[in-house]
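Numbering-wise (UniProt numbering), the sequence shown opens with residue 1 and increments by one.
Ideal placement from N, C-alpha and C gives every residue a C-beta, glycine not left out.
The block underneath contains the structure these notes are about, expressed in structure tokens.
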Amino acid sequence: MGWAIERTPERPVRRTGDHRLAVPLRLTRTGGDPTDTELTLTLAEAEHLHAGLRRALDSRPPPPAAPDCRQSVRASPDAAHIVERA
1 MGWAIERTPE RPVRRTGDHR LAVPLRLTRT GGDPTDTELT LTLAEAEHLH AGLRRALDSR
61 PPPPAAPDCR QSVRASPDAA HIVERA
């Protein structure tokens, strides 16, 4: 038997009351019903995960639906705006 793990649709990452981050996940065992749960991370653990993901994604261009953090930006004292994709 195998497992599938994916982000829970339409549930954002959130801060918990104890200064952690909760990442909603959906676990499904082959042939079974899905179960929604959360991966909770300390802020330090979240920073390490963020850094690792950024390193892993660094050599790849962002897909069209990528969030702003994956876009090239030019900042000025007045505003920052997207000028091109990375």
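Review point. Taking buried to mean at least 16 other C-beta atoms within 10 Å of its own C-beta, is Leu57 buried or exposed?
Key: Here residue 57 is taken as the residue at index 57 of the sequence shown, counted from 1. Label assigned to Leu57: exposed.
Review point. Taking the Cβ atom as the reference point for each residue, do Leu21 and Ala51 lie within a distance shorter than 8 Å?
Key: Counting from one through the sequence shown, the residue named residue 21 turns up at place 21. Counting from one through the sequence shown, the residue named residue 51 turns up at place 51. No, these two residues do not count as a Cβ contact at 8 Å.
Check your understanding: What do you reckon, are the CB atoms on Leu25 and Thr8 nearer than 8 Å?
Key -> The sequence position of residue 25 within the sequence shown is 25, counting from 1. The sequence position of residue 8 within the sequence shown is 8, counting from 1. Yes.
Check your understanding: Based on the DSSP secondary-structure assignment, which residues constitute the bridge partners of Glu6?
Key -> Here residue 6 refers to the residue found at position 6 of the sequence shown. According to DSSP, Glu6 bridges with Arg26.
Exercise for review: Take Thr37 and list the residues in its own chain whose beta-carbon comes closer than 7 Å to its own, dropping the five residues that flank it on each side.
Suggested key: Residue mapping note: residue 37 aligns to position 37 of the sequence shown, counting from 1. Answer for Thr37: Leu25, Leu27, listed in chain order.
Point to revise | Nonlocal neighbours in the same chain, by C-beta distance under 6 Å from Arg14, ignoring five residues either side | key: On the sequence shown, position 14 is the one that residue 14 refers to. Cβ within range, chain order: Ala22.
Exercise for review: Return the CA-CA distance between Arg60 and Thr35, expressed in angstroms with no decimal places.
Suggested key: On the sequence shown, position 60 is the one that residue 60 refers to. On the sequence shown, position 35 is the one that residue 35 refers to. Spanning the two alpha carbons is a distance of roughly 32 Å.
Review point. Quick one: what does DSSP say Arg11 is sitting in, helix, strand or coil?
Key: Stepping through the sequence shown from its first residue, residue 11 is reached at position 11. Coil at Arg11, not helix or strand.
Exercise for review: Could you pull out every residue in the same chain whose Cβ sits closer than 6 Å to the Cβ of Thr30, ignoring the five residues on either side in sequence?
Suggested key: Position 30 of the sequence shown, counted from the first residue, corresponds to residue 30. Excluding sequence neighbours, Thr30 sits near Met1, Gly2.
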